[in-house]
Amino acid sequence: MPSPHIFDSPTAMRVWSLERSRAGQRIAVVPTMGALHRGHEVVIQEARHHADLVVVTIFVNPMQFDRAEDFQSYPRPASEDLDICARHEVDAIYFPTAESMYPVGFDTRVVPGAIAEGFEGAHRPGHFTGVATVVTKLFNAVRPDVAIFGRKDAQQLALISQMVTDLDLGVEIYGVPTVREPDGLAMSSRNRRLSPEARAAATCVPAALNVAIAGLSDSDRPWSEIKSEALALIEAEPLATVEYLDLVDPTTFITREDHRSGHHSLVIAAVWVDGVRLIDNQQVPAQA
Ligand code: PAF
89 MPSPHIFDSP TAMRVWSLER SRAGQRIAVV PTMGALHRGH EVVIQEARHH
139 ADLVVVTIFV NPMQFDRAED FQSYPRPASE DLDICARHEV DAIYFPTAES
189 MYPVGFDTRV VPGAIAEGFE GAHRPGHFTG VATVVTKLFN AVRPDVAIFG
239 RKDAQQLALI SQMVTDLDLG VEIYGVPTVR EPDGLAMSSR NRRLSPEARA
289 AATCVPAALN VAIAGLSDSD RPWSEIKSEA LALIEAEPLA TVEYLDLVDP
339 TTFITREDHR SGHHSLVIAA VWVDGVRLID NQQVPAQA
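The opening residue of the sequence shown carries number 89 in our numbering; numbering runs sequentially from there.
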């Protein structure tokens with residue numbers, strides 16, 4: 089099994105990438121914060137279909153955490169992550185140090201627009217500025233042709249697609265469907281922090297989304313009624329507190345009051361389960 093190259097500074101990463109690009113090789117990047125799980129592995133496998141070389145980035149980005157305690161407790165199983173990358177024959181890992189990412193004197197931010205205002209943006213002040221800034225820096229270091237993201241972070245994916253267009257970054261963006269546990273829970277690095285009781289309670293999140301999707305298949309039912317039914321399912325779980333559950337346009341993240349618009353929509357949710365914040369979403373097919 090060949091070992092991936094590991095780079096810890098933007099310059100070293102860029103030198104490698106530019107050499108490969110000049111040799112005519114196409115590069116895919118999979119940006120992550122580590123604590124890799126099966127969902128990431130599926131994204132890495134997908135990346136292989138889009139390029140000659142796959143680069144995984146691992147960086148727990150302090151700028152995108154709105155709570156210091158969340159940043160500090162974020163899992164960092166570095167050697168497991170490196171093993172997973174090696175097993176998938178990743179070509180290079182960009183594992184920058186905090187100092188090389190944000191050196192003393194760092195003073196620039198990429199501030200997204202309206203798409204970042206609601207939902208995750210409203211509940212996690214500064215989060216999307218941190219994401220947009222670090223993704224821009226990761227792209228500048230890796231110089232990828234294509235970047236692959238999971239669809240679980242749907243607002244993040246929409247925002248990055250918009251940013252790439254607006255800033256002429258010249259990177260193709262591709263989203264991979266969410267990978268789920270057998271009981272429906274979306275795979276997430278944060279699931280590691282759920283106690284056994286909270287892990288059992290967390291199934292209320294995919295269950296509520298399924299209730300919403302089933303309700304939305306009936307074009308005679310108003311969204312307000314379907315939403316109340318889905319919320320009731322979460323509210324019945326003593327360990328869970330819902331932050332939002334809404335129907336949105338998947339590109340702009342503007343709230344939809346009606347699913348009969350003839351366009352695809354997304355049902356999105358953020359729920360605290362015993363101190364762990366989980367997000368999830370499901371696509372709603374277009375209806376006449
Ligand atoms: O989705 C994530 O893991 C992070 O938000 C990302 C895109 C790697 C930026 O830090």
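We put the beta carbon where it would ideally sit given N, CA and C, even for glycine.
Across the set A116, L170, V222 and L141, the C-alpha of A116 shows the shortest separation from the C-alpha of Y262. For G238, no alpha helix (DSSP H) segment is defined; the enclosing uninterrupted segment is the beta strand (DSSP E) at V234 to G238. In the three-state DSSP reduction, A246 falls in the helix class (H, G or I).
D169 and P310 have their alpha carbons spaced roughly 45 Å apart. In this structure, Y332 is the residue among Y332, M101, H351 and H347 with its C-alpha nearest to the C-alpha of G206. Judged by their CB atoms, K240 and D368 are nearer to each other than the 8 Å cut-off. Taking 7 Å as the cut-off, one finds no heavy atom of ligand 1 near enough to the beta carbon of Q243. Remark: C-beta atoms of S277 and M121 approach each other more closely than 8 Å.
Remark: C-beta atoms of L327 and A286 approach each other more closely than 8 Å. Here N369 is bridged, per DSSP, to I356. Ligand 1 never approaches M275 closely enough for any of its heavy atoms to be under 7 Å from the residue's Cβ. Our two residues, P213 and P373, have alpha carbons roughly 31 Å apart in a direct line.
Selection P338, V230, F237 and F216 evaluated against D154 yields F216 as nearest (Cα-Cα).
With a threshold of 16 other beta carbon atoms within 10 Å, T266 meets it and is buried. When the five nearest sequence neighbours on each side are left out, the beta carbons in the same chain lying within less than 6 Å of the beta carbon of W360 are those of T329, in order along the chain.
Looking only at Q375, A358, V252 and R197, the smallest Cα-Cα distance to H211 is reached by A358.
Unbroken beta strand (DSSP E) stretches of 3 residues or longer found wholly inside the region 100 to 125: 115 to 120, given in chain order. Of the candidates V103, P92 and Q375, the residue whose Cα lies closest to the Cα of N228 is V103.
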